[in-house]
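Mapped onto the numbering used here, the consecutive letters of the sequence shown carry residue numbers 69 to 133.
Scroll down for the structure; my scribbles are underneath it.
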Amino acid sequence: MHDPEITTQLEHLRVEHRDLDDAIAALVAHARPNQLQIARLKRRKLRLRDEIAALEDQLIPDIIA
69 MHDPEITTQL EHLRVEHRDL DDAIAALVAH ARPNQLQIAR LKRRKLRLRD
119 EIAALEDQLI PDIIA
């Protein structure tokens, strides 16, 4: 059973995750990239990935094998 609220939240997190990819790539492309800012964005991206995984787990029913 899919919870529409979780599905909507998942989509927002996925969009933010992709946006962070673009932001990181743009920063890395600079001649003198700000390593601290890149590191912060990468940490945020990892937190988003964990949040996405947790929400996906809520959507997948437990199967006793």
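Here a beta-carbon is modelled for each residue, glycine too, at the ideal position from N, C-alpha and C.
The structure displayed is predicted, hence computed values, not measured ones.
*Looking at the unbroken alpha helix (DSSP H) that takes in Arg-108, where does it start and where does it end?*
103 to 127
*asked:* Between which two residues does the alpha helix (DSSP H) holding Ile-131 run?
replied: Looking at the DSSP string, Ile-131 is not in any alpha helix (DSSP H), and its letter there is neither H nor E.
*Give every residue of the same chain whose Cβ lies closer than 8 Å to the Cβ of Lys-113, excluding the five residues on either side of it in the sequence, and list them in chain order.*
His-85, Leu-88, Asp-89 and Ile-92
*Among residues of its own chain, excluding the 5 on either side of His-109, which ones have a beta-carbon nearer than 8 Å to its beta-carbon?*
Residue identity differs from the one stated: residue 109 is Leu in this sequence, not His. Here the set comprises Leu-88, Ala-91, Ile-92 and Leu-95.
*What residue from Leu-116, Asp-125, Glu-73 and Ile-74 has the CA that sits closest to Val-83's CA?*
Leu-116
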